[in-house]
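Engineer: Take this structure, written in structure tokens, and hold onto it; I'll ask about it next.
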Amino acid sequence: WDRLETNAAKQSYDWPKAEQYTHYAGGQIVGANLPEEDMMVLGVSLGNTFDSVKASLGQPTKETSRGLTYGGVTFGNFKMDGVGPIVTYMMIENRDATTHRGIAVGDSMRKVLNVYGRPDLVDTNNRWFYGKYRYRTDMMHGIQFEQKGDKVSKILIYK
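So the sequence shown is residues 21 to 179, counted in my numbering.
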């Protein structure tokens, strides 16, 4: 029944689709910053140093110059030039952690919609983004939910 309901919802105008987000001008700022607590995972915030993450969570299961991994959660750094070892993104790839609002990998996209509301952006890969971004650029600050079928497959929090 849930699958039927979700498929029916996807056919309706109310279900978020990428083509509903193509009317913005290139470079236009869209959305708004999320509350700080939404930008945390396991007590870690964007901008924390790798050392402070290790002090808080202990030894990671994997450590590279680009990030620290604790099971299915990675605290990483996308930036190249002189930023230092600070967290610029957090990625959740299994049920080891949830968002502040309780969404985990494996949850339904319907639950995401019920908890977060309409996304600020749905891209052509059907990833749902909540937060603030500059349209048609990679300048984004918020949470992105990737999906397989009707389920969350990956959660990214970044700025």
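Here a beta-carbon is modelled for each residue, glycine too, at the ideal position from N, C-alpha and C.
If you follow the alpha helix (DSSP H) that F165 is part of, which residue opens it and which one closes it?
Structural biologist: It is not in any alpha helix (DSSP H) - F165 instead sits in the beta strand (DSSP E) that spans M160 to K168.
Engineer: Quick one, which of G96, N53 and K171 has its alpha-carbon nearest M129's?
Structural biologist: Per the Cα distances, K171.
Engineer: Taking the alpha-carbon of G51 as reference, which of K168, F149 and E166 has the nearest alpha-carbon?
Structural biologist: Comparing Cα-Cα distances from G51 to each of K168, F149 and E166, the minimum goes to F149.
Engineer: Which residues mark the beginning and the end of the beta strand (DSSP E) in which S72 is found?
Structural biologist: S72 -> not in any beta strand (DSSP E); alpha helix (DSSP H) instead, spanning F70 to L77.
Engineer: Anyone know if the C-beta pair for G87 and D116 falls short of 7 Å?
Structural biologist: The answer is no: Cβ separation not under 7 Å.
Engineer: Following the continuous alpha helix (DSSP H) through L133, name the residue where it begins and the one where it ends.
Structural biologist: Note, L133: alpha helix (DSSP H), M129 to Y136.
Engineer: Please look up how many angstroms separate the CB atoms of V135 and F165, rounded, as I've assumed it's under 8 Å.
Structural biologist: Contact flag wrong, Cβ pair sits at about 10 Å.
Engineer: Using a Cβ-based criterion (distance less than 6 Å to any ligand heavy atom), does T118 qualify as near the ligand COA?
Structural biologist: In the structure shown, the ligand COA is absent, as is every other ligand, since no ligand is present at all.
Engineer: Counting C-beta neighbours from all protein chains within 10 Å, is the total for I123 16 or more, i.e. buried, or is it exposed?
Structural biologist: Label assigned to I123: buried.
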